[in-house]
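See structure below.
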Amino acid sequence: MALSSSPTPVGDVDALIAQLQAIVADPKRFAAAAAIDDITRQQLKQLTRAASVALEEPFETVQRLAYSPLPLITTRIAQRHGIFATLVAGSQQGQGPVSFDALKEATGLQDAVLESVLDYLGSQGMLSEPVRGQYVAIGLTQLMAAPLLQDAIIH
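In the working numbering, each residue carries its 1-based index in the sequence shown increased by 293.
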């Protein structure tokens, strides 16, 4: 599935939204069903990022730029205080969601700091909060808990 590099007329926005939702819901399945090769996958990534920026209002652009260090900072906090490790351990032991109180005890972080970090990590798809105050590891959580990635982020 090759993407055209030349602009085409605007089509059905609902169809575009449905396709993007399919990618987000199950990227591997979408890629397999659409026979997406690595070049096309890279092009999709570039174009979706460019589209996101192109659709921003000026204030949204300022916010994005002002808060751009947050992913690294919150990831470092989560790694240093064991948020990812605690969530991964909970999922590996079959305990189900980890409560806010359990994370507070494991991390030693103050309520407000922990809540802010967890909210941000959730908004970035680094963990899931299926029920308010209950957190679970997802694929990205497990990746962030991997020793090699921890070393890369912290050092």
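The beta carbon of each residue, even a glycine, is placed where N, CA and C say it ideally should be.
### Task
Determine the direct distance from the alpha carbon of V429 to that of P390, and round the result to whole angstroms.
Position 97 of the sequence shown, counted from the first residue, corresponds to residue 390. Position 136 of the sequence shown, counted from the first residue, corresponds to residue 429. Taking the straight line from one Cα to the other gives about 5 Å.
### Query
Are I316 and F323 close, meaning C-beta to C-beta below 8 Å?
Here residue 316 refers to the residue found at position 23 when the sequence shown is read from its first residue. Here residue 323 refers to the residue found at position 30 when the sequence shown is read from its first residue. Yes, these two residues count as a Cβ contact at 8 Å.
### Query
So, helix, strand or coil for M294, using DSSP?
Position 1 of the sequence shown, counted from the first residue, corresponds to residue 294. Low per-residue confidence applies at M294: pLDDT is 46, beneath 50, and the placement is therefore not dependable, though the value from the model is reported in the following sentence. Coil at M294, not helix or strand.
### Query
Thinking C-beta only, is G415 closer than 8 Å to S392?
Here residue 392 corresponds to residue number 99 of the sequence shown, with the count starting at 1. Here residue 415 corresponds to residue number 122 of the sequence shown, with the count starting at 1. No. Outside cutoff.
### Query
If we call anything under 8 Å between Cβ atoms a contact, is V410 one with T354?
The residue given as residue 410 occupies position 117 in the sequence shown. The residue given as residue 354 occupies position 61 in the sequence shown. Their beta carbons are not under 8 Å apart, which means V410 does not touch T354 by this criterion.
### Query
Taking F377 as the reference, which of A344, A347, Q403, S421 has the closest Cα?
As a working note, residue 377 is residue 84 in the sequence shown. Answer by Cα proximity: S421.
### Query
Among the residues of its own chain, which have a CB less than 7 Å from the CB of M294, if the five just before and after it don't count?
What you label residue 294 is simply residue 1 of the sequence shown in a count that begins at 1. Confidence in M294 is poor, its pLDDT being 46 and thus under 50, which makes the residue's placement too unreliable to answer from.
### Closest by C-alpha distance to L396, when choosing among Q356, L337, T379
Sequence index remark: in the sequence shown, residue 396 carries index 103 (1-based). Comparing Cα positions, the closest option is T379.
### Message
Bridge partners for Y428 per DSSP, in chain order?
### Response
Within the sequence shown, the letter at position 135 stands for residue 428. Partner(s): V391.
### Message
Based on DSSP bridge pairs, tell me the residues matched to S421.
### Response
Translated into the one-based positions of the sequence shown, residue 421 becomes position 128. Partner(s): V429.
### Query
At what residues does the alpha helix (DSSP H) containing S414 begin and finish?
For the purposes of this step, residue 414 is identified with residue 121 of the sequence shown, where counting begins at 1. The sequence given here has Leu at residue 414, not Ser. Taken as a continuous stretch (DSSP letters only), the alpha helix (DSSP H) holding L414 covers 404-416.
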